[in-house]
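These notes are about the structure you will find just below.
Here it is in structure tokens:
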């Protein structure tokens with residue numbers, strides 16, 4: 001049964017919440033049940049921002065979970081907080097560019113991607129989130145990358161429109177790096 | 180109780196209840212000006228031909244049962260909330276005439292926020308505000324408009340301004356905000372001042388009819404029961420003691436309001 | 443309509459619009475402000491009434507005024523704002539006019555925080571203002587359910603001329619979930635006969651909660667109680683999950699109710715025969731059904747984001763027929779599946795002895 005409970009976490013502005021939302025939109029487009037719930041409040045303002053996304057073939061009960069099946073961490077505090085919580089057999093995707101540490105666990109799959117560096121080379125460091133989401137989709141197969149791209153097209157704000165193609169390339173690149 | 184008056188055939192009717200007033204006896208104390216001001220409101224409603232369009236908002240205070248005396252739709256507000264309730268009514272009935280009738284405790288103490296904000300929004304409502312410097316219904320306690328030194332049942336040594344602050348100049352405050360277009364202070368102590376008060380109330384309702392903004396008429400009034408005075412003495416006291424703190428006059432009248440022809 | 447990803451606060455606001463909401467008055471407070479923000483644009487676009495009030499005190503009294511006009515009117519808030527509204531709520535109840543109030547509960551007491559909580563249960567269900575009255579209290583556990591309950595709330599409010607509250611929490615407000623909005627409904631143009639809209643060609647209407655005579659007010663109260671009894675007879679709603687063979691029962695509402703569906707699944711995997719009863723109305727409360735189930739199961743576990751408030755109603759309903767245990771988190775902490783599961787296991791051991 002398809003079922004992923006994923007935490008996206010980073011500094012405010014790194015796009016953790018948007019990456020999570022894009023996964024949620026994609027889940028709906030593929031007729032799966034989804035929930036997306038952010039941490040909210042003062043910590044949103046400049047501090048860490050995280051959200052929990054559940055994508056499943058069965059109706060979602062608890063929308064907030066203590067042990068995710070996957071975590072996507074964009075910065076060091078997020079690795080420290082969520083790395084130890086990933087369920088055994090789960091997945092951890094690390095933005096190597098901003099995380100000068102390794103995860104010592106051997107009971108989960110860990111993928112390191114220098115996402116911020118690659119995104120900068122591709123023209124915009126803020127596309128790191130899409131690289132990591134691409135890697136996540138590739139590694140879990142929970143949804144298809146094509147649907148992620150078509151949903152991105154629908155939900156990217158007007159202001160960000162010019163970044164549509166580069167973002168798609170970032171998704172693609174992330175997926176390749178997780179193969 | 181209603182009053183049934185049968186006019187003998189050989190007599191001419193020269194005076195009658197306004198249509199906007201019921202023929203119920205009021206509960207007010209002897210000498211209380213509330214009844215007079217109620218009648219002024221009723222006459223204004225009749226003269227403007229708006230009885231079937233009027234919605235009144237009753238306050239908490241002595242005039243809590245005004246809905247028994249005026250022959251128009253009425254709602255009863257919580258203490259001080261009449262302007263908020265009137266806002267809800269007017270916004271959902273923009274073609275109707277909505278007015279609040281409030282006492283000094285209602286508008287200047289517990290409901291000062293609602294009153295100032297309704298005025299500031301320029302709500303198209305009219306307020307008649309009776310200022311008698313005391314809490315009547317609850318038994319003569321200090322009002323926000325009680326005068327310094329004045330003895331009440333909650334200021335047994337007289338209002339000490341160091342403890343209880345100063346009389347709140349409500350009309351002066353209301354006049355400060357942009358949305359209030361007509362703010363005046365009158366009194367109801369004698370024939371001339373009562374006529375002036377009626378004209379002011381009429382102007383206030385006309386302001387609303389013309390859609391100009393918030394309008395308010397403060398009426399200095401007496402409370403012989405809780406002031407422990409005879410009615411005449413109380414009316415003299417209004418002129419002698421209250422006016423120095425609450426000068427009569429119009430604190431705000433925009434050009435558009437001035438241009439209204441009030442007969 | 444197709445399913446879309448909707449945030450709880452926006453979803454209930456838009457659901458209200460589509461159910462013919464004619465007026466909204468509110469004051470910003472986290473975690474429900476997205477509702478007010480959504481309506482600030484939508485209502486004006488549709489030429490309906492929206493007003494950001496100067497306080498929750500003013501907002502509820504504006505709701506009161508608009509309700510007197512007989513229009514569909516609503517406000518939404520969170521704990522501290524709800525406290526301020528209790529004055530107006532009591533007047534609305536006393537005047538027997540329909541209005542809908544949504545409280546997306548947050549951690550308290552005092553300023554507390556803005557995390558999800560269910561600590562306003564007593565406030566909403568038991569003490570929602572001075573005097574003897576009960577509002578109908580609906581408790582949604584998902585974005586879809588809060589959408590559906592907004593329509594139901596208006597229907598019930600108008601049917602019984604009563605207050606209806608929706609007891610949500612910060613999690614439902616902030617969560618995005620796949621859900622379907624209802625189709626756009628026409629705004630009702632006519633006003634009910636009792637509304638104060640100007641006494642045109644009729645006797646004046648009066649909307650009032652003042653009755654100076656004790657006998658007269660008692661009669662009003664008796665009429666009110668009769669109506670409440672009728673509501674109790676017809677409007678109790680709840681959802682059951684796998685109760686047929688259950689010998690342990692979870693009782694939870696709202697966000698915790700849905701979390702308990704996960705707990706139940708996990709417990710069943712471990713061979714525990716766990717069922718779940720999720721009240722959808724907190725008043726009236728599904729007391730008879732809980733009483734029945736108390737005769738069937740070995741024990742019950744009530745879980746709330748509070749110190750144990752609905753617990754009292756469950757205990758009252760079970761009336762000693764089975765042990766009733768409690769697990770709660772407070773201050774905005776959301777209980778996790780494994781924590782509740784551990785309590786279920788503990789309960790199983792205790793009642794097996």
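Protein chains in written order, with our numbering: chain A, 1 to 179; chain B, 180 to 442; chain C, 443 to 795. C-beta: ideal position from N, C-alpha, C; glycine also. These numbers were taken from a predicted model, which means no experiment stands behind them.
Range covered by the beta strand (DSSP E) that runs through residue i
| i | result |
| --- | --- |
| residue 233 of chain B | 233–237 |
| residue 745 of chain C | 741–746 |
| residue 573 of chain C | Unbroken run through residue 573 of chain C: none, as it is neither H nor E. |
| residue 546 of chain C | 541–547 |
| residue 279 of chain B | 276–282 |
| residue 446 of chain C | 446–449 |
Residue i in three-state terms, based on DSSP
| i | result |
| --- | --- |
| residue 396 of chain B | strand |
| residue 580 of chain C | strand |
| residue 493 of chain C | strand |
| residue 2 of chain A | coil |
| residue 193 of chain B | coil |
| residue 198 of chain B | coil |
| residue 254 of chain B | strand |
| residue 385 of chain B | helix |
| residue 166 of chain A | helix |
| residue 420 of chain B | helix |
| residue 320 of chain B | strand |
| residue 411 of chain B | helix |
| residue 606 of chain C | strand |
| residue 498 of chain C | helix |
| residue 19 of chain A | helix |
| residue 45 of chain A | Unreliable positioning characterises residue 45 of chain A in this predicted model, as indicated by a pLDDT of 44, which lies under 50. The coordinate reading is nonetheless provided below. In the structure shown, residue 45 of chain A sits in coil (DSSP, three-state: anything other than H, G, I, E or B). |
| residue 86 of chain A | coil |
| residue 619 of chain C | strand |
| residue 368 of chain B | coil |
| residue 404 of chain B | helix |
| residue 348 of chain B | coil |
| residue 148 of chain A | helix |
| residue 70 of chain A | strand |
| residue 630 of chain C | coil |
| residue 465 of chain C | strand |
Endpoints, the alpha helix (DSSP H) within which residue i is located
| i | result |
| --- | --- |
| residue 482 of chain C | 475–487 |
| residue 117 of chain A | 115–121 |
| residue 533 of chain C | 521–537 |
Per DSSP, cross-strand counterpart(s) of residue i
| i | result |
| --- | --- |
| residue 683 of chain C | C:718 |
| residue 361 of chain B | B:394, B:432 |
| residue 637 of chain C | None; residue 637 of chain C has no bridge partner. |
| residue 55 of chain A | A:4, A:34 |
| residue 793 of chain C | Answer is none; residue 793 of chain C lacks a bridge partner. |
| residue 611 of chain C | C:547 |
| residue 648 of chain C | B:253 |
| residue 767 of chain C | C:743 |
| residue 558 of chain C | C:548 |
| residue 313 of chain B | B:321 |
Which residues of the region 54–82 of chain A have a Cβ closer than 9 Å to any Cβ of chain C? Give them in chain order.
58, 59, 60, 61, 62, 63, 64, 65, 66, 67
Going along the chain, which residues of the region 613–646 of chain C sit with their C-beta nearer than 7 Å to a C-beta in chain A?
613, 616, 617, 618, 619, 620
Please identify, using Cβ separations under 7 Å, the residues of the region 232–253 of chain B that lie next to chain C, in order along the chain.
232, 233, 234, 243, 246, 250, 251, 252, 253
Taking 8 Å as the cut-off, does the region 708–715 of chain C touch the region 757–767 of chain C (at least 3 CB pairs, one atom from each stretch)?
no
Any chance the region 304–323 of chain B sits against the region 393–410 of chain B, with 3 or more Cβ pairs inside 8 Å?
yes
Three or more C-beta pairs under 8 Å: does that hold for the region 546–553 of chain C against the region 605–618 of chain C?
yes
So if I threshold CB-CB distances at 7 Å, which residues from the region 24–40 of chain A count as touching chain F?
In the structure shown, chain F does not exist; the protein chains are A, B and C.
Contacting positions in the region 524–557 of chain C - beta carbon closer than 8 Å to chain B
529, 530, 533, 537
Between the region 163–173 of chain A and the region 124–144 of chain A, do at least 3 Cβ pairs fall closer than 8 Å?
yes
Using a Cβ-Cβ cutoff of 8 Å, what residues of the region 443–464 of chain C are near chain A? List them in chain order.
445, 446, 447
When you check each C-beta in the region 685–706 of chain C against every C-beta of chain A, which residues fall closer than 7 Å?
700, 701, 703, 704
Using 8 Å as the Cβ pair cut-off and three pairs as the minimum, do the region 724–735 of chain C and the region 674–691 of chain C touch?
yes
Does the region 188–204 of chain B come into contact with the region 341–360 of chain B, if we say contact requires no fewer than three beta-carbon pairs (one atom in each stretch) closer than 8 Å?
no
Output, in sequence order along the chain, the residues in the region 266–297 of chain B whose CB is closer than 7 Å to any CB in chain C.
266, 267, 268, 270, 271, 272, 275, 292, 293, 296
Cβ-based contacts, 9 Å cut-off: residues of the region 727–753 of chain C near chain A:
none
Is it true that the region 245–265 of chain B meets the region 285–302 of chain B, where meeting means three or more beta-carbon pairs spaced less than 8 Å apart?
yes
When you check each C-beta in the region 387–402 of chain B against every C-beta of chain C, which residues fall closer than 9 Å?
none
So if I threshold CB-CB distances at 8 Å, which residues from the region 158–171 of chain A count as touching chain C?
none
Can you pull out the residues from the region 412–428 of chain B whose beta carbon lies closer than 8 Å to at least one beta carbon of chain C?
none
Could you list the residues in the region 764–780 of chain C with a C-beta less than 8 Å from some C-beta on chain A, going in chain order?
776, 778, 779, 780
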